[in-house]
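Trainee:
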Amino acid sequence: MPSQKSTIPFYNRVQWLTLKLIWKSLRAKEVIPFLFQFIKEKFRLNRSNFGKEWNSKWQSNTNKLNPLDLIAFFIAYKEVTSQERALVLLMKILKQQSTEVFLEMVDVLRKYGIRVV
16 MPSQKSTIPF YNRVQWLTLK LIWKSLRAKE VIPFLFQFIK EKFRLNRSNF GKEWNSKWQS
76 NTNKLNPLDL IAFFIAYKEV TSQERALVLL MKILKQQSTE VFLEMVDVLR KYGIRVV
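The C-terminal position of the sequence shown is numbered 132 in my numbering, with every residue numbered one higher than the one before it.
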């Protein structure tokens, strides 16, 4: 039987895999605090100088994750769980990306002050 092409765009598949990975990693009592913390951090980052500078030069690419979302995710996840769990999950998410995206995201995280590797 011939394989069928996925009708879901690549970016949406990446988002779904990322959400699925995050959902499976959180315990029941951590889900709601994580969601509120993530929204708060995302809002804070978008209003910060770092966020404004990044948004002005970042080109939306359907094959790449938004670095500000990734930073907000990391900070929120770290607040709800622990630094170690947040780093492990961040590495799992980044490993799903291409090498180019992985290296770019690591560079952006370092600029923000988050040591990944």
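Cβ coordinates follow ideal geometry from the N, Cα and C atoms, glycine included.
Kindly give me the distance between the Cβ atoms of Leu36 and Ile108, rounded to whole angstroms, as I take these residues to be in contact under 8 Å.
Mentor: Residue numbering aside, residue 36 sits at position 21 when the sequence shown is read from its first letter. Residue numbering aside, residue 108 sits at position 93 when the sequence shown is read from its first letter. Yes, they are in contact, since the Cβ atoms of Leu36 and Ile108 sit about 6 Å apart, within 8 Å.
Trainee: Should Leu34 be labelled buried (16 or more other beta-carbon atoms within 10 Å of its own) or exposed?
Mentor: For this step, residue 34 is matched to residue 19 along the sequence shown. Exposed is the call here.
Trainee: On the three-state DSSP scale, how would you describe Ile54?
Mentor: Within the sequence shown, numbered from 1, the residue matching residue 54 stands at position 39. Residue state, collapsed to three classes: helix.
Trainee: Would you call Gln98 buried or exposed, if buried means 16 or more other Cβ atoms sit within 10 Å of its Cβ?
Mentor: Taking the first residue of the sequence shown as position 1, residue 98 is located at position 83. Exposed is the call here.
Trainee: Glu56: which of Arg125, Val123, Lys93 sits nearest, CA to CA?
Mentor: Position 41 of the sequence shown, counted from the start, is the residue given in the question as residue 56. When each option's Cα is compared against that of Glu56, the closest is Lys93.
Trainee: In this structure, how does DSSP classify Val131 when only helix, strand and coil are distinguished?
Mentor: If you number the sequence shown from 1, residue 131 lands on position 116. The answer is coil: DSSP assigns Val131 none of H, G, I, E or B.
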